[in-house]
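For my numbering, count along the sequence shown from 1 and bump the result up by 14.
Input: a single structure, listed below in structure tokens.
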Amino acid sequence: MYDGKEYVGRVESVDLKADLATVRIPAKGLASLTLCRTKMVRPGEWVVALGSPLALSNTITAGVVSSVHRSGKELGMHKEMDYIQTDAAITFGNSGGPLVNLDGLVIGINTMKVTAGISFAIPADYALDFLEKRGQQESPVRWYLGITMLTLTPSLIQELQRRDPAFPSVSAGVLIWKVVLGSPAHLSGLSPGDVIVRVAGKDVLSSQDIYKALETRQPIQMDVMRRGEVIRIDVSPN
Numbered sequence: 015m016y017d018g019k020e021y022v023g024r025v026e027s028v029d030l031k032a033d034l035a036t037v038r039i040p041a042k043g044l045a046s047l048t049l050c051r052t053k054m055v056r057p058g059e060w061v062v063a064l065g066s067p068l069a070l071s072n073t074i075t076a077g078v079v080s081s082v083h084r085s086g087k088e089l090g091m092h093k094e095m096d097y098i099q100t101d102a103a104i105t106f107g108n109s110g111g112p113l114v115n116l117d118g119l120v121i122g123i124n125t126m127k128v129t130a131g132i133s134f135a136i137p138a139d140y141a142l143d144f145l146e147k148r149g150q151q152e153s154p155v156r157w158y159l160g161i162t163m164l165t166l167t168p169s170l171i172q173e174l175q176r177r178d179p180a181f182p183s184v185s186a187g188v189l190i191w192k193v194v195l196g197s198p199a200h201l202s203g204l205s206p207g208d209v210i211v212r213v214a215g216k217d218v219l220s221s222q223d224i225y226k227a228l229e230t231r232q233p234i235q236m237d238v239m240r241r242g243e244v245i246r247i248d249v250s251p252n
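Here's what the structure looks like:
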């Protein structure tokens, strides 16, 4: 905690798709932040992202809201959710921290940075719904891969290649942004930075091709571009 106290937490509820969880700790009277509905958020308003990037505690970055409704389908992330896009710097350390407006209200939960000036947050709306549903009957088990994906559009490929000349020369595909430790993707050898170009012998144009392959509930053969070479990897979702 901010005062140096440490508690043993217990995970109570988990949303694997959105990478959210509730953790209970044996403490009372702790300060809390208020979650703000997305309908109150406006493009162009100033926000701050809080977190601990590179183990540097209590770090704050600032920026503006670039878009309130960036489709998850477009990003290759949670396909049933729109994300908040901001130019506030979000790195692995402050992923999971709050995105707060100038009124001190939490408008989102920091998720990922694609490149400089392009970061995303889960809307507080989704977190509120998740909190309301916790403790209810568990939803059916979904086939789980364990990656955060990003659909590569021509403009995004051009921007990534401009910022990183070593970025693979591809015309389409899905970029693996994050791999969950111990997940089927991690155990199969997939790595952040890999670009999935084919699944089961079919070209991958968007993250929807990955979701569709998961529906077969069978091991998946993937061709990924890594450091200029195409590597074939077999993945067994669970």
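Idealized CB from N, CA, C, for every residue including glycine.
It should be emphasised that the depicted structure is a prediction, and the values quoted were computed from it without experimental measurement.
Of the residues LYS147, THR36, ASN115, GLY110, the one placed nearest VAL79, counting alpha carbons only: ASN115
Delimiting residues of the alpha helix (DSSP H) encompassing ALA138: 138 to 147
Endpoints, alpha helix (DSSP H) assigned at ALA102: Neither: ALA102 is in no alpha helix (DSSP H) and is coded neither H nor E.
Residue-level contact to chain C via CB, MET163, 7 angstroms cutoff: Note that chain C does not occur in the displayed structure, where there is just one protein chain.
7 angstroms Cβ shell around LEU174 - same chain, five flanking residues per side excluded: THR129, PHE181
Separation of LEU219 from ARG84, as counted between CA atoms: 18 angstroms
Alpha-carbon to alpha-carbon, THR75 and ILE210: 32 angstroms
Coarse secondary structure for LEU164, derived from DSSP in three states: strand
Among PHE144, VAL244, ILE132, VAL55, nearest to ARG177 - alpha-carbon criterion: ILE132
Run of the beta strand (DSSP E) containing ILE121, from where it starts to where it stops: 120 to 129
Opening and closing residue of the beta strand (DSSP E) in which SER80 lies: 73 to 85
Neighbour-count burial assignment, VAL25, 16 or more Cβ in a 10 Å radius: exposed
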